[in-house]
Every structure is written in C-alpha cells, then in structure tokens.
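As structure tokens, the structure follows; a few thoughts come after it.
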Amino acid sequence: MEKLNRRSFLQSAVLSGGGFMLSFSYFSSFASSGNTSKAGSGTLHEINGFVKITSDNIIQIMSPNPEGGQGVKTSMPMIVAEELDVDWKQVQVIQADLDTKHFTRQYIGGSQAIHQGWMPLRQAGATARRMLMEAAAKQWQVPVEEVSTSLGILHHKKSGKSAKYGDFAGLAAQINIPQNTPLKSVKDFSIIGKSKPNVDLQKIVTGQPVFGIDTQVKGMLYAMIVHPPAFGLELKSIINDSSVRKMRGIKDIFPIQVFKDGYEKSFFDTLSFNQVVAIVGNSTWEVMQAKKALQVEWQETKGYTQNRNMLGRKTVENIPAGLENTSQHIAQMAAKKEQIATVRRKDGDVEAAFKQAAKIIEKTYYGPYLAHNCMEPMNFFADVKADSANLSGPLQKPELTEQSLSARIGLPLDKINVKMTRLGGGFGKRSYAHWMIEAALISQKVQTPIKLQYTREDDMTSGVYRSTYSATYKAGLDAQNNLIAFHVKAGGIPESPLYPNRFPAGAVDHYLAEEWTIDSNITVGSFRAPRSNFMAAAEQSFLDEVAELAGKDPIDFRLELLQRAAEKPVGKNNEYEPERYAGVLKLVQEKSNWKNIKSTKKVGVSAYFCHDSYAANVIELEMKDGMPVIQKVHSAIDCGIVINPTGARNMVEGGVVDGIGTALFGKMIIEQGVPQHKNLDTYRMIRMNEAPKAMNIHFVKNEIDPSGMGEPAYPPVFAALANALYKATGKRHYTQPFIDNL
0 MEKLNRRSFL QSAVLSGGGF MLSFSYFSSF ASSGNTSKAG SGTLHEINGF VKITSDNIIQ
60 IMSPNPEGGQ GVKTSMPMIV AEELDVDWKQ VQVIQADLDT KHFTRQYIGG SQAIHQGWMP
120 LRQAGATARR MLMEAAAKQW QVPVEEVSTS LGILHHKKSG KSAKYGDFAG LAAQINIPQN
180 TPLKSVKDFS IIGKSKPNVD LQKIVTGQPV FGIDTQVKGM LYAMIVHPPA FGLELKSIIN
240 DSSVRKMRGI KDIFPIQVFK DGYEKSFFDT LSFNQVVAIV GNSTWEVMQA KKALQVEWQE
300 TKGYTQNRNM LGRKTVENIP AGLENTSQHI AQMAAKKEQI ATVRRKDGDV EAAFKQAAKI
360 IEKTYYGPYL AHNCMEPMNF FADVKADSAN LSGPLQKPEL TEQSLSARIG LPLDKINVKM
420 TRLGGGFGKR SYAHWMIEAA LISQKVQTPI KLQYTREDDM TSGVYRSTYS ATYKAGLDAQ
480 NNLIAFHVKA GGIPESPLYP NRFPAGAVDH YLAEEWTIDS NITVGSFRAP RSNFMAAAEQ
540 SFLDEVAELA GKDPIDFRLE LLQRAAEKPV GKNNEYEPER YAGVLKLVQE KSNWKNIKST
600 KKVGVSAYFC HDSYAANVIE LEMKDGMPVI QKVHSAIDCG IVINPTGARN MVEGGVVDGI
660 GTALFGKMII EQGVPQHKNL DTYRMIRMNE APKAMNIHFV KNEIDPSGMG EPAYPPVFAA
720 LANALYKATG KRHYTQPFID NL
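Numbering follows numbering that gives the first Met the number 0, in which position 369 of the sequence shown is assigned residue number 368; successive positions increment by one, without gaps.
Rendered as structure tokens:
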C-alpha cells in the first residue's frame with residue numbers, strides 16, 4: 000500500500016475518453032492539529048478530510064462528488080464506513096461543497112465513481128479507525144495492537160475497557176498519520192454487499208429541497224436566456240427590448256457573451272451559442288412572458304476554428320457555417336462509407352481473407368442525434384460580488400467548470416464557492432455547465448443574486464446532443480462456418496464512435512477497424528455510455544446476423560469467439576477479459592432458460608463490455624397492435640464487488656428501461672439548423688405501461704475490485720431488443736429509432 004503522510008494525495012487515475020472522470024485526494028486535509036474546534040458535547044472533530052466524529056459519537060462521512068441518481072452518495076460512504084468499522088445507523092452522510100483544497104477531481108461520469116474511489120475510500124476509513132485506536136491506546140496506556148473495534152466502539156479486552164469513538168475523537172484528530180494501515184478482508188465485510196436505502200430517499204419523497212431547481216434565497220431575482228433558434232445563427236440585435244423592459248416585474252434585458260473571444264476552451268466548455276440574451280425579473284412567470292414578447296434579430300455565422308484543451312491534449316476544432324439538415328447528414332455519412340477512412344487497427348490480411356470466404360455479409364447501421372431530456376431542466380443560482388462569488392446548482396464537473404468561471408468573471412478560485420446540489424438527471428448533459436457561467440455573468444451584471452432557469456424548450460434546443468453515427472460491418476465465413484474476416488468502418492458527426500480494441504477484436508485472425516468524421520456546427524457531448532450506446536447496438540445486432548448465417552445459436556456463437564480470444568488471442572491491446580465477458584453470457588443463458596425459451600418465445604440476446612464492466616441481456620417480447628410488449632428482461636452483470644445491491648439493481652433496471660425507450664423512440668431531427676423536437680410532446684419517451692413487465696437482475700459473484708455500474712447495462716439493451724424484434728416480426732433493424740420501421 001502507498002505510504003502516507005500529511006501531504007499525501009491518494010488520487011485515482013484520470014479517466015478520459017467518455018468525457019467523464021472521478022478521483023479524490025482524501026488525505027490532503029490531514030493535519031497534525033486536526034481538531035476543528037474545542038472539545039465539548041456535540042463538537043465535530045475532523046479525523047481526516049472524509050470523516051468527522053462528534054464527542055457524542057455522531058459519525059459524519061463527507062460525500063465530495065455530485066449525486067446524479069446513481070447512488071454514490073450512499074455507496075461511497077458505505078465503503079468508508081466499512082473500513083471505519085461503525086454501525087451504519089450511526090452515520091450521517093453530508094454532501095460536501097466543491098473543495099479543491101481537500102478533494103481533487105470532484106466529478107461524476109464514466110461510471111468511475113466506485114471504480115476509481117474504491118481504494119482511497121477504504122484507506123480513508125481504515126486510517127481514521129487506526130487513528131482512533133492509537134488515541135485509545137495512548138489514553139489507556141496499552142499497546143495499540145491490543146485495541147480492537149466493533150460498531151463504533153473501541154475495546155481493550157485485557158482490561159475490560161471500552162469507549163465510543165466520540166470519546167476519543169478529539170485526541171484522534173491530533174494523532175500523526177499512520178503508515179500502511181491494513182484493510183479488511185472481503186470476507187469480513189459487514190456493510191459492503193448489504194442493501195442500504197438511498198440516504199436522500201426521505202427528502203426526495205417528502206419534497207424537501209435537494210435539487211438545484213429548489214434553490215430559494217431572499218432577495219434573489221429570476222433570469223432566463225434567449226438563444227438563436229437554429230444552429231448556424233448568432234445574435235445580430237435586440238429589436239424591442241425598450242418596450243419589453245416596461246412589462247410587469249422585468250428588471251433588465253441585455254446580451255451576454257459566455258466565453259471571451261480567443262479563449263482556449265477546456266474539455267467541458269462545450270456550448271452551442273456563445274452570445275445569448277438575458278432577461279431578469281421578479282418571478283419566473285413574469286420573465287417567461289417577457290421572453291415570449293421579446294423580438295430578436297439573428298444572422299448566419301461564419302465558419303471558424305476554436306482551440307480546445309482536451310485534458311492536456313491540444314486540438315483545433317473546425318466549426319463550419321451553414322444551416323444543417325438531418326437528410327444532408329445521412330447523405331454525407333452514406334458517402335463516407337465508400338471513401339478512404341483512417342485505420343485504427345489491423346490484424347492479419349483482411350482483404351485476402353474476404354476473397355477466400357465462402358459466405359460474406361455486410362450491413363450498415365445508423366443512429367440519430369439524441370437529447371438528454373433530464374427531468375430537471377438546466378438551472379443555477381449565482382450571487383457574484385466584486386470580491387466573491389457564491390453559486391449553487393446541479394453539475395457533474397464542478398471543478399473544471401469553476402476554473403472556466405474564474406477565468407471568465409475575473410475572480411480567483413479561492414473567492415469562488417460552489418455548492419453542489421443533487422442532480423435531477425445528468426446522463427452527461429450536466430458536464431457542460433455553461434449555464435453556471437451564464438448565471439454568474441447575469442448576477443455580475445445586475446449586482447444581485449439570481450436564479451437562472453431554462454425552460455424545457457431551452458434545454459432541448461440548445462444542443463450538446465448525442466452524436467449522429469453510422470457504422471458498416473462486414474464479416475466473412477469459411478466453408479465450415481467459422482468467422483475468418485471482420486471489418487468495421489464507423490464514423491459520426493462530428494465524432495467517431497469506434498472502439499477498435501473491443502470484441503470481436505482479438506477473436507478473429509483477420510480484423511480491420513477504420514473510422515471517419517464529419518465537421519458540424521451542431522454541438523455534441525457525453526451521453527449515457529458515450530459511443531458505446533451506438534456501437535453495442537450495431538455490433539451486437541450484426542453478430543446475431545452472422546450467427547444466423549453460420550447456422551449457430553447466437554449465444555454459442557459469441558462464446559466460441561470468446562473462447563478463441565481467451566485461449567489464443569489475436570493482436571494486442573484487447574480491452575476486455577474474455578473469461579469475464581463469457582461469464583455474463585453464460586449466466587444470462589442459464590437464468591433466462593435460454594435453451595428452452597428460444598424455440599417457444601420471441602427472444603433476443605446481446606452482451607457488451609464498457610466502463611470496465613460486463614453486461615448481457617435477454618429480452619422476451621410479444622407484438623400487440625403492431626407494438627412490442629416487453630414481457631421479461633434478464634440481465635447479468637459483472638461489475639466486481641457490488642457495494643449496495645439495491646442501488647446496483649436500481650441502476651440496471653433504470654438502464655434497461657432507458658435503453659428500450661431510446662432504442663424504440665429516441666431521435667432529434669434537424670431541419671435548416673432548427674431542432675424539430677422542442678418538448679416531450681414530440682420527442683417520444685418511454686411510458687410507464689411500456690416498461691418491461693418483469694426484470695430479473697443477476698450479478699456475478701466475485702472478489703474483483705468494483706468497476707462501473709451506472710452505464711454498462713445500457714448499451715447492450717438496444718441490440719437485445721432489435722434481435723427480439725427480428726424473432727417476432729422477421730424484420731432486422733438497422734436504423735434507430737425502431738418505431739420508424741415497425
């Protein structure tokens with residue numbers, strides 16, 4: 000274990016790729032003084048940056064990262080509490096504000112919260128426990144090795160002495176940081192692996208203010224923004240602001256520029272419209288009426304380039320002019336299929352293998368832009384003064400956004416305080432929190448606390464969508480129906496979804512992966528399981544067709560390939576572990592009774608690896624009045640040790656329902672730069688009566704360190720549904736959403 004001292008920073012690795020990352024430096028707050036205040040009943044003593052204990056034995060565990068519904072505000076403190084050896088009933092979970100002195104990278108995303116925080120969280124709890132033991136040993140004048148703990152109680156069995164943690168919290172806070180603190184054995188866990196209710200559950204169901212949209216501050220004003228109605232347009236002039244200012248409750252109307260000209264944007268400084276019009280008034284309703292009355296003149300933008308710093312990787316992005324269309328995009332992507340692309344991986348001689356193949360199959364798949372549609376529209380509170388700024392709201396990347404805000408409003412980081420609220424949905428959208436900067440600029444301009452509120456239409460038409468993608472797959476079989484050649488050529492607008500080193504790479508002698516991109520002025524960003532959500536759908540749908548062409552059961556076909564990858568892998572840098580991948584397929588095969596139901600029911604299967612975890616789904620459905628009725632979904636997940644089974648199950652169930660809804664209905668159409676779906680009356684979402692009638696969730700039991708859980712169950716759902724629909728209708732689905740082709 001890493002040696003610790005007062006200046007130690009236990010940090011998880013930086014996660015990029017999907018756009019999300021998470022890490023902590025739990026021990027950066029350790030100090031020899033440690034005691035946050037004078038001793039006394041109820042006084043909090045900071046044992047380390049993550050654990051505080053009162054003298055009357057109340058244990059507070061700080062949750063430094065945002066909570067977006069994935070349950071980390073419950074599961075991460077459970078890890079600390081396990082190693083701290085306390086009764087979970089004693090624990091109070093406290094949402095920490097953004098605090099770069101005590102924590103680093105207070106982010107959520109990429110399903111990395113537990114994966115990256117596992118060891119630092121355990122070490123934080125174990126070290127705090129050790130400090131309490133040393134404090135007791137010092138007071139009792141006994142060897143620390145003779146002190147034990149149980150449920151928040153310190154014991155010295157030889158003398159019969161015992162005391163609550165709170166009795167020694169003040170003294171423990173002054174103990175030097177112990178080195179090489181041992182961790183519990185997995186078999187001794189008493190909290191991890193046991194279901195615990197969400198710590199915010201009561202607040203949510205009783206309507207207590209936990210979300211950003213709930214923020215109310217005495218004397219604050221309300222603000223909304225008006226952005227261009229189409230991508231490719233920019234602000235020219237405000238026509239009737241003088242008359243609208245006279246409307247009841249309206250305080251001010253003015254344009255704001257979110258980022259200054261020439262600013263080098265970071266990874267998450269993504270926004271569609273840099274100039275917007277702000278309207279400020281006494282109430283949301285009054286501002287909404289003014290927004291409807293305001294007339295703004297827009298003009299077409301010119302093409303431009305922008306510098307980006309993508310977590311240390313410098314890039315220059317090309318943003319073309321023009322009013323784009325979905326039909327134009329489809330034609331552009333079809334043309335790219337026939338053009339030379341960039342090779343990302345090549346094993347063997349693919350061209351020669353296809354010439355020798357006895358059977359060849361080739362199919363092209365398409366996925367549209369997707370909107371996030373968080374239940375809580377974007378919002379943020381800001382109170383910016385000349386020498387300080389206080390902000391509050393829901394966002395996924397507070398530390399990076401705070402850095403961008405500091406540069407924009409001209410205040411140093413130590414003068415900015417950001418309070419993190421619970422997210423009413425994130426799914427990647429709240430990584431791009433330019434509305435936080437908008438709120439700050441508005442407050443700075445009017446010199447008053449304000450709450451910026453987006454309407455649903457603002458949210459859905461302001462971009463940062465899931466990219467639109469296309470992928471062409473080609474496979475060749477020999478005379479014995481063995482897969483001997485595989486080619487994938489994938490791309491998107493404006494990014495490629497390709498993962499060149501994922502299955503079936505490593506399982507085929509002759510393998511080629513290529514990619515292409517097309518520039519666009521429509522902004523895109525992270526969407527639940529970035530890029531995997533499309534690639535899993537296309538790849539796993541295609542593999543079903545290849546299995547059918549080979550005359551093989553679709554699960555057996557995949558298992559054959561995975562056995563090859565395990566026993567005699569092809570190439571290097573294969574991302575997945577074949578044994579674990581095969582494990583979820585075998586588990587879902589067993590639990591769904593696949594060998595029996597495949598001949599009597601309309602079923603489809605799919606499996607995928609992403610975010611360091613493995614997921615497989617079997618979907619059973621029936622067709623009724625031309626629409627699928629999902630009878631049952633079987634899911635098998637390997638995410639290592641499951642911290643909170645109830646929370647993990649909730650994430651899988653949510654991912655399954657979300658995946659079915661998106662596959663069936665999700666699409667954002669663009670015409671002359673204008674998003675055609677501005678609210679949920681036209682952007683179709685899954686309804687409660689369309690959710691699966693039953694879901695059976697199974698986790699692979701092992702002692703592997705935990706990996707991602709928020710996203711891995713989502714991508715394979717698309718193809719499992721497509722493959723089941725094929726069994727029910729005889730029609731394959733190559734274009735999303737499936738509803739368009741039923």
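By construction, the Cβ of each residue, glycine as well, lies at the ideal position given by its N, Cα and C atoms.
These figures come from a predicted structure and were not determined experimentally.
Contained beta strand (DSSP E) runs [length at least 3] in the region 55-90, N- to C-terminal order: For the region 55-90, whole beta strand (DSSP E) runs of length 3 or above, ordered along the chain, are 58-62.
Beta-carbon proximity check, V295 vs V276, cutoff 8 Å: yes
Residue(s) in a DSSP beta bridge with D382: N389
In whole angstroms, give me the CA-to-CA distance for K264 and A564. 41 Å
Counting C-beta neighbours from all protein chains within 10 Å, is the total for I413 16 or more, i.e. buried, or is it exposed? Note on identity: in this sequence residue 413 is Asp, with Ile being the wrong assignment. Exposed is the call here.
When we look at the beta-carbon of Y613 and count the other beta-carbons within 10 Å, is it buried (16 or more) or exposed? buried
Residues that DSSP places opposite Y431 in a beta bridge: Answer is none; Y431 lacks a bridge partner.
Give the DSSP-derived three-state secondary structure of V641 in the structure shown. coil
Smallest Cα separation from P63: which of K72, N56, N317 and D55? K72
Which value, in whole angstroms, describes the spacing of the CA atoms of T148 and P736? 56 Å
Which residues does DSSP pair with I318 in a beta bridge? Y303
Starting from S326, follow the beta strand (DSSP E) in both directions and report where the run begins and ends. Looking at the DSSP string, S326 is not in any beta strand (DSSP E); the run it does join, the alpha helix (DSSP H), is T325 to K336.
Please specify which runs of the beta strand (DSSP E), each continuous and at least 3 residues long, are wholly inside the region 151-197, giving them in chain order. 152-155 and 160-163
Out of T53, E145 and K217, state which residue places its alpha-carbon closest to the alpha-carbon of Y164. T53
How many angstroms separate the CA atom of Q443 from the CA atom of V545? Rounded to whole angstroms, Q443 to V545 spans 60 Å at the Cα level.
I need the boundaries of the beta strand (DSSP E) containing S469, first residue and last residue. T467 to L476
What residue from P529, L170 and Q630 has the CA that sits closest to L620's CA? Q630
For I359, report the span of its beta strand (DSSP E) as first-last. It spans K358 to G366 - the beta strand (DSSP E) in which I359 sits, taken as one unbroken run.
Ignoring anything shorter than 4 residues, give me the alpha helix (DSSP H) runs that lie fully in the region 501-539, in order along the chain. With a minimum length of 4 residues, no continuous alpha helix (DSSP H) run stays inside the region 501-539.
Please report the straight-line C-alpha distance between K157 and V143, rounded to a whole angstrom. Answer to the nearest angstrom: the Cα atoms are 12 Å apart.
Between G151 and I255, which are expected to be in contact by the criterion C-beta below 8 Å, what is the C-beta distance as a whole number of angstroms? With a Cβ gap of about 51 Å, G151 and I255 do not count as contacting.
Given W87, which residues of its chain have a CB within under 8 Å of its CB, disregarding the five upstream and five downstream residues? Result list for W87: M77, A80, I190 and K195, in chain order.
CB-CB under 7 Å to A136, same chain, minus the five flanking residues each way: which ones, in chain order? P142, V143 and V146
Quick check on the burial criterion: 16 or more other C-beta atoms within 10 angstroms. Buried or exposed for Q539? buried
Indicate the three-state DSSP secondary structure (helix, strand or coil) for Q94 in the structure shown. Here DSSP, grouped into helix, strand and coil, assigns Q94 to strand.
Does the Cβ of Y25 have 16 or more other Cβ atoms within 10 Å, making it buried, or fewer, making it exposed? Residue placement at Y25 cannot be trusted, given a pLDDT of 32 that sits under 50; what the coordinates show is reported in the next sentence. It is buried - the Cβ of Y25 has at least 16 other Cβ atoms within 10 Å.
Let me make sure I understand the geometry here. Which of K450, I492, D457 and L482 has the alpha-carbon closest to that of A470? I492
Check the C-beta distance from V50 over to A162 and give it rounded, since I have them as a contact under 8 Å. Rounded, the Cβ-Cβ distance is 17 Å, inconsistent with contact.
Excluding sequence positions up to five away, which residues of its chain have a Cβ less than 6 Å from the Cβ of I93? Q59 and M61
Out of L43, I107, S74 and G68, which has the shortest C-alpha to C-alpha gap to S525? Nearest to S525 by C-alpha distance, out of L43, I107, S74 and G68, is I107.
Using only the alpha-carbon positions, how far apart do S74 and G192 sit? 10 Å
Tell me the rounded alpha-carbon separation between Q446 and K259. 20 Å
Local conformation of A727 per DSSP, three classes: DSSP places A727 in helix when its eight states are reduced to three.
Selected residue, minimal CA-CA separation from H509, among G462, T420 and Q355: A check of alpha carbon separations from H509 across G462, T420 and Q355 identifies Q355 as the nearest.
Could you check which residue in I238, E299, D240 and P376 has the C-alpha nearest to that of P228? Measuring from the Cα of P228, the nearest candidate turns out to be E299.
For N643 and G551, the rounded distance between their alpha carbons: As written in the sequence, residue 551 is Lys, which differs from the Gly given in the question. Going by the C-alpha atoms only, they are around 38 Å apart.
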